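Below is one structure, written out as structure tokens; comments come after it.
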Amino acid sequence: GDSVTQMEGPVTLSEEAFLTINCTYTATGYPSLFWYVQYPGEGLQLLLKATKADDKGSNKGFEATYRKETTSFHLEKGSVQVSDSAVYFCALFYSGGYQKVTFGTGTKLQVIP
Amino acid sequence: EAQVTQNPRYLITVTGKKLTVTCSQNMNHEYMSWYRQDPGLGLRQIYYSMNVEVTDKGDVPEGYKVSRKEKRNFPLILESPSPNQTSLYFCASSLKPNTEAFFGQGTRLTVV
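Going down the list, the sequences are from chains A and B.
Sequential numbering from 1 applies to the first sequence in the working numbering.
Sequential numbering from 114 applies to the second sequence in the working numbering.
Shown next, in the form of structure tokens:
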């Protein structure tokens with residue numbers, strides 16, 4: 001079945017450091033890929049998405065490129081801020097199978113001043 | 114304001130006592146889902162609904178029921194809760210399953 005694998009956290013970075021959170025997926029066909037962010041005590045919010053190979057999603061300085069050849073959708077940001085501290089979830093939706101969304105386990109990011 | 118509203122936010126109950134967690138959205142979305150979030154397991158989909166009267170099982174449906182009698186509401190029912198259903202639950206809605214999902218604030222359920 002469809003699955004999403006994220007790097008284990010927590011990830012601790014200093015402010016202005018470069019961020020990469022790895023995400024790889026397994027799916028038959030061509031899924032849509034998402035990154036969601038969860039701030040403490042809140043529900044998830046969409047951060048960015050990509051719907052086909054080589055698409056780049058971007059928002060709030062975060063970027064991720066849909067790489068079909070490596071089945072990856074790694075999240076990057078050039079300079080993190082303390083306000084980026086949150087849990088980040090990679091997710092996929094594949095319309096050819098069941099109409100459901102599959103999430104990764106989440107990666108907690110802590111940015112220290 | 115576009116939102117997904119879950120109630121209650123916190124609930125402590127005893128094993129076997131039926132409970133319902135309500136979910137309502139005001140965006141006229143077709144697709145709604147319930148998830149549970151557990152440490153180390155991320156979000157797992159319990160049930161989803163493509164539209165009124167159309168529901169289907171997600172990855173972990175055992176012990177749960179849902180209904181979709183109206184487009185805006187998607188309640189989650191635990192007929193006989195057990196301690197292993199202690200978790201943080203989220204309701205979400207989207208126009209279609211491959212579009213942005215809007216999440217509720219979550220319901221923290223403890224079954225003792």
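All residues carry an ideal CB built from backbone N, CA and C; glycine is no exception.
This one's a predicted model, so the numbers in the text were calculated from it and none came from an experiment.
Assigned secondary structure, residue i (DSSP; H/G/I helix, E/B strand, else coil)
i: Q198 (chain B); result: helix
i: V117 (chain A); result: An answer regarding residue 117 (chain A) cannot be provided, because it is not within the stretch 1 to 113 covered by chain A.
i: E192 (chain B); result: coil
i: T212 (chain B); result: coil
i: T128 (chain B); result: coil
i: E114 (chain B); result: coil
i: K184 (chain B); result: coil
i: S2 (chain A); result: The sequence given here places Asp at residue 2 (chain A); Ser does not occur at that position. If DSSP states are grouped into helix, strand and coil, D2 (chain A) belongs with coil.
i: A17 (chain A); result: coil
i: V77 (chain B); result: Outside the displayed span of chain B (114 to 225) sits residue 77 (chain B), for which this structure offers no information.
i: M7 (chain A); result: coil
Cα-Cα separation, residue i to residue j
i: L201 (chain B); j: G29 (chain A); result: 31 Å
i: R181 (chain B); j: Q116 (chain B); result: 18 Å
i: M145 (chain B); j: T70 (chain A); result: 31 Å
i: K52 (chain A); j: L44 (chain A); result: 23 Å
i: L154 (chain B); j: P194 (chain B); result: 20 Å
i: S14 (chain A); j: C90 (chain A); result: 23 Å
i: T24 (chain A); j: N211 (chain B); result: 18 Å
i: A64 (chain A); j: T107 (chain A); result: 15 Å
i: M7 (chain A); j: A17 (chain A); result: 18 Å
i: A27 (chain A); j: I21 (chain A); result: 20 Å
i: V37 (chain A); j: K170 (chain B); result: 25 Å
i: R157 (chain B); j: H142 (chain B); result: 21 Å
i: P174 (chain B); j: I190 (chain B); result: 11 Å
i: Y39 (chain A); j: T128 (chain B); result: 31 Å
i: T12 (chain A); j: E183 (chain B); result: 44 Å
i: R185 (chain B); j: M140 (chain B); result: 8 Å
i: W35 (chain A); j: S3 (chain A); result: 14 Å
Within-8 Å CB hit, residue i to chain A
i: N211 (chain B); result: yes
i: Y161 (chain B); result: yes
i: A115 (chain B); result: no
i: G176 (chain B); result: no
i: Q138 (chain B); result: no
i: F203 (chain B); result: yes
i: F187 (chain B); result: no
i: S195 (chain B); result: no
i: G129 (chain B); result: no
i: L154 (chain B); result: yes
i: S206 (chain B); result: no
i: S146 (chain B); result: yes
i: Q198 (chain B); result: no
8 Å Cβ cutoff, residue i in contact with chain B
i: F103 (chain A); result: yes
i: F93 (chain A); result: yes
i: G106 (chain A); result: yes
i: F18 (chain A); result: no
heavy atom of the ligand MG below 7 Å from residue i C-beta
i: T107 (chain A); result: Judged by which ligands are present, the structure shown has none, so any question about the ligand MG falls away.
query = At a Cβ cut of 9 Å, what residues of the segment 20 to 46 of chain A count as close to chain B, listed as they run along the chain?
reply = P31, S32, F34, Y36, Q38, G41, E42, G43, L44, Q45 and L46
inquiry  = For the segment 51 to 78 of chain A, list every residue whose C-beta sits within 8 Å of some C-beta in chain B, in sequence order.
reply    = T51
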